[in-house]
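S.K.:
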Amino acid sequence: MLEFWNKAFAYFWRPELPWALLFTFGLGLILFQLLPASRRAIVTSLELYGLCVLGKFSSACLNAFALHNSAEIVHEMFVVGSGLIMIHLLGLLLFRLAFPLIRLRIPRIIEDLLTFLGYIAWVLVRLRLAGMDLTSLVATSAVLTAVIAFSMQDTLGNTMGGLLLQIESSIKVGDWITIGNVAGQISEIRWRYTALETRDGETVIFPNSVLMKNSFTIVSSPMQRRPEWRRWLWFNVASSIPPGRVQEVALAAIRTADMPNVARTPEPSCVLMEFGPGFARYALRYWLIDVEPDSPTDSQVRGRLLAALQRAGIELAIAQNEVSLSFDTRKAPEEREQQRRRQALRSAEIFAVLSDEEIAQMASNLVYAPFASGDVILREGSTTGDSLYLLAEGEVDVWLDELPDRPGGHVAVLGTGEVLGEIGMMTGEPRRATLIARSYAQCYRLDRATFERVIQSRPEVAGEIARVLASREQRLRMPAGERAQPLPSGLSLRTKSILDKMREFFGFCDG
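Residue numbers for the sequence shown follow the numbering used here, so the first one is 903 and each next one is one higher.
1) To the nearest whole angstrom, what separates the beta carbons of Q1344 and E1295, a pair I think is in contact under 8 Å?
2) Given a cut-off of 8 Å, decide if R1396 and A1372 are closer than it, judged by their beta-carbon atoms.
3) Counting Cβ pairs closer than 8 Å, one from the region 1348 to 1366 and one from the region 1296 to 1303, do we hit at least three?
4) On the CB-based measure, 16 or more other CB atoms within 10 Å of its CB, does G920 come out buried or exposed?
5) So, with DSSP's three-state summary, where would you put D1200?
6) Going by DSSP, what residue range makes up the beta strand (DSSP E) through A1343?
7) Work out the CA separation of S1394 and Q1387 for me, nearest whole Å.
8) In the structure shown, what three-state DSSP assignment does P1272 receive?
9) Kindly indicate which residue of V1315, R1333, Y1188 has the alpha-carbon position closest to the one of R1132.
10) Measuring CA to CA, which of I944, L924, G985 is closest to C954?
11) Rounded to whole angstroms, what is the Cα-Cα separation between E918 and E978?
12) Check for me: the beta strand (DSSP E) holding R1187 runs from which residue to which?
13) Tell me whether L904 is buried or exposed, calling it buried when 16 or more other Cβ atoms sit within 10 Å of its Cβ.
14) Going by other Cβ atoms of all chains shown within 10 Å of its Cβ, with 16 needed for buried, is A1182 buried or exposed?
15) In the structure shown, what three-state DSSP assignment does F967 receive?
16) Specify the secondary structure class of A1250 as computed by DSSP and reduced to three states.
17) Would the region 1107 to 1127 and the region 1161 to 1179 be scored as touching if the rule is three or more Cβ pairs under 8 Å?
18) Closer than 7 Å by C-beta to S1391: which residues in its own chain qualify, once you throw out the five before and the five after it? Chain order, please.
19) Considering only DSSP beta bridges, list what D1160 is partnered with.
20) Comparing C-alpha positions only, which one of L1268, E1239, L1207 sits nearest to S1275?
21) With which residues is I1091 paired in a DSSP beta bridge?
22) Might you give, ordered along the chain, the residues of its own chain that have their beta carbon closer than 6 Å to the beta carbon of S909, omitting 5 neighbours on each side?
23) With S1289 as the anchor, note down where its beta strand (DSSP E) starts and where it stops.
24) Determine whether the Cβ of L904 lies closer than 8 Å to any Cβ atom of chain D.
25) Rounding to the nearest angstrom, what Cα-Cα distance links R1340 and I1325 in this structure?
26) For T1080, write down the residues that DSSP places opposite it in a beta bridge.
27) Along the chain, where does the beta strand (DSSP E) containing A1214 start, and where does it finish?
28) DSSP on V1075, reduced to helix/strand/coil?
29) Name the residue from S947, M1034, R1281 whose alpha carbon lies nearest to the alpha carbon of L994.
30) According to DSSP, is F1410 helix, strand or coil?
31) Can you tell me whether G952 is helix, strand or coil according to DSSP?
32) Would you call the CB atoms of I1011 and I1091 closer than 8 Å?
33) State yes or no: is the C-beta of M1175 within less than 8 Å of the C-beta of A1159?
34) Just how far apart, CA to CA, sit G1311 and L1302?
35) Can you tell me whether E1260 is buried or exposed? The criterion is at least 16 other CB atoms within 10 Å of its CB, across all chains shown.
36) Which class does L1174 belong to by DSSP, given the choice of helix, strand or coil?
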């Protein structure tokens, strides 16, 4: 038995074996530490290499049993296998570690091709060392090669397609493309296929031959230095509204908004595309910077556009039909809307002194003015104070610009029932703060002319309104935790100042 193991060990332990073991497992350990994404493949390769070492020892056992021919065949098989594994690890070292360190990126399909050629070269070397005549092998396998090539023409077409796509740099990993009704980002280009990751988290596999035979659209590429994708948002309005008015409102909605994924340049545009019975169809076009969140950005822009159209009194329209109803269903909704307007006015402290008739008069002239989250309602320093807003639902952030005598920043959050911009509308003073919708804010706009008619018919209410304005102004200047406390005395001077400005601004005399 001892003689058997001595013969087996002498056959197994060859001079190159310890160096091969040290090189393979040392290289594997280095790659395992430096290439976390490839650890699974590295561990599998080392496990297979260990099996090859065991296979070589099994051939040594066969040799000890005097089965010399079988031992040589088995040994050569596992030598070829261990060599293939070493070539695989060397490929990882070269293509995944060395080339990226010198900022040289090799496409995955080229990496696979060169590694495959290395496998073939190693097999041919071992066959030559085993005494096989390679020229006779090539000659006798020519017919077989032709048959295999004919039967695998689709696979070869996919492989050649992948090579051409990489050589021509038609598409690259990271590009966003659309092919047919599928849109996604290229995650991988392999021998047979190209993989697309869609926005829904799906992986769609396209054979490379399909990409070679069909047209596809490259939406964006990481190499581009400009906004990648122009989006078209369609909407219809009544054909009776002048196109210039619609385009002005639509462009103002997107130009004044701060949306990080909407490009400033190229500038957005609004174009009239077609018109028909009772409607005109427009397209608001803007450039998307990051193409991945396309639908969320479209939704954000649509929200701003819809709110702007509603504030301007521009209703969306559909094509008119010849069928009409013989009864009127608008009366009940209009009455409910008037009730909501009267309630919004009654909830405002500054209008508590007005009679029901005066409230109804102003309610009939209110304009529905919604604001999407992030819309600027009023801007500090603006002198166009011809209206105020009643906040019927939602929240609004109050921001102050930084000045030498005061710090700037966020100072308050206004909620349902608040009045926005009343000082500027009633006294003509510049806007004192910037108001930005914190959430979707449903507001009603009251213009100066409507309020002036009420104040001119009953100027004696101006004093009470001025007192309320002064107290509101004082409370807003106080820290949020102190606003519920009683106000200090000394408001009479500010009340008188506001009342004097109202008299001068509206030109009335309250006796």
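Just so you know, even glycine gets a beta-carbon here, dropped at the ideal spot from N, CA and C. Keep in mind that this is a model prediction, so the values were computed, not measured.
M.R.: In brief:
1) As a first step, residue 1344 is located in the sequence shown; it is residue number 442 there, counting from the start. As a first step, residue 1295 is located in the sequence shown; it is residue number 393 there, counting from the start. That pair is a contact at about 4 Å.
2) Residue 1372 sits at position 470 when you count from the first residue of the sequence shown. Residue 1396 sits at position 494 when you count from the first residue of the sequence shown. Going by C-beta atoms, A1372 is nearer than 8 Å to R1396.
3) no
4) Translated into positions along the sequence shown, residue 920 becomes position 18. For the sequence presented, residue 920 should be read as Pro rather than Gly. P920 is exposed by the Cβ-count criterion.
5) For the purposes of this step, residue 1200 is taken as the residue at position 298 of the sequence shown. It is helical.
6) Position 441 of the sequence shown, counted from the first residue, corresponds to residue 1343. Per DSSP, A1343 belongs to the beta strand (DSSP E) from 1343 to 1349.
7) Counting from 1 along the sequence shown, the entry for residue 1387 is found at position 485. Counting from 1 along the sequence shown, the entry for residue 1394 is found at position 492. At Q1387, the pLDDT of 49 sits below 50, so the modelled position is not reliable and the matter cannot be decided from this model.
8) Position 370 of the sequence shown, counting from 1, holds the residue named residue 1272. Strand, per DSSP.
9) In the sequence shown, counting from the first residue as 1, residue 1132 sits at position 230. The shortest C-alpha separation from R1132 is found at Y1188.
10) In the sequence shown, the residue the question calls residue 954 occupies position 52. Taking only the C-alpha atoms, the option nearest C954 is G985.
11) Numbered from its first residue, the sequence shown carries residue 918 at position 16. Numbered from its first residue, the sequence shown carries residue 978 at position 76. Those two C-alpha atoms are separated by around 14 Å.
12) For the purposes of this step, residue 1187 is identified with residue 285 of the sequence shown, where counting begins at 1. 1181 to 1190 is the span of the beta strand (DSSP E), which, as asked, contains R1187.
13) Counting from one through the sequence shown, the residue named residue 904 turns up at place 2. Burial call: exposed.
14) Here residue 1182 refers to the residue found at position 280 when the sequence shown is read from its first residue. Answer is buried; the Cβ neighbour count reaches 16.
15) Your numbering for residue 967 matches position 65 in the sequence shown. Coil.
16) Position 348 of the sequence shown, counting from 1, holds the residue named residue 1250. Coil.
17) no
18) For the purposes of this step, residue 1391 is identified with residue 489 of the sequence shown, where counting begins at 1. Note that S1391 scores 49 on pLDDT, short of 50, meaning its location in the model is unreliable and no value can be drawn from it.
19) Sequence index remark: in the sequence shown, residue 1160 carries index 258 (1-based). BP columns for D1160 are empty, so no partner.
20) The residue labelled residue 1275 in the question sits at position 373 within the sequence shown. Nearest option by C-alpha distance: L1207.
21) Position 189 of the sequence shown, counted from the first residue, corresponds to residue 1091. Per DSSP, T1096.
22) In the sequence shown, the residue the question calls residue 909 occupies position 7. Per the sequence shown, the amino acid found at residue 909 is Lys instead of Ser. Excluding sequence neighbours, K909 sits near A966.
23) By one-based count along the sequence shown, residue 1289 stands at place 387. Unbroken beta strand (DSSP E) run through S1289: 1289 to 1295.
24) Looking for chain D here will not work: only one protein chain is present.
25) Position 438 of the sequence shown, counted from the start, is the residue given in the question as residue 1340. Position 423 of the sequence shown, counted from the start, is the residue given in the question as residue 1325. About 21 Å.
26) The sequence position of residue 1080 within the sequence shown is 178, counting from 1. Answer is A1085, T1119, bridged to T1080.
27) Stepping through the sequence shown from its first residue, residue 1214 is reached at position 312. Counting along the chain, A1214 falls outside any beta strand (DSSP E), and DSSP gives it neither H nor E.
28) Residue 1075 sits at position 173 when you count from the first residue of the sequence shown. V1075: coil per DSSP, three-state reduction.
29) In the sequence shown, counting from the first residue as 1, residue 994 sits at position 92. Cα-wise, what sits closest to L994 is S947.
30) The residue given as residue 1410 occupies position 508 in the sequence shown. Coil, per DSSP.
31) In the sequence shown, residue 952 corresponds to position 50, counting from 1. Note: G952 maps to helix in three-state DSSP.
32) Working through the sequence shown from its first residue, we reach residue 1011 at position 109. Working through the sequence shown from its first residue, we reach residue 1091 at position 189. A contact, by the Cβ cut-off of 8 Å.
33) Numbered from 1 along the sequence shown, position 273 holds the residue referred to as residue 1175. Numbered from 1 along the sequence shown, position 257 holds the residue referred to as residue 1159. Taking 8 Å as the Cβ cut-off, M1175 and A1159 do not qualify as a contacting pair.
34) The residue you call residue 1311 lines up with position 409 of the sequence shown. The residue you call residue 1302 lines up with position 400 of the sequence shown. One C-alpha to the other measures close to 5 Å.
35) Here residue 1260 is taken as the residue at index 358 of the sequence shown, counted from 1. Buried, because 16 or more other Cβ atoms sit within 10 Å of the Cβ of E1260.
36) The residue given as residue 1174 occupies position 272 in the sequence shown. If DSSP states are grouped into helix, strand and coil, L1174 belongs with the strands.
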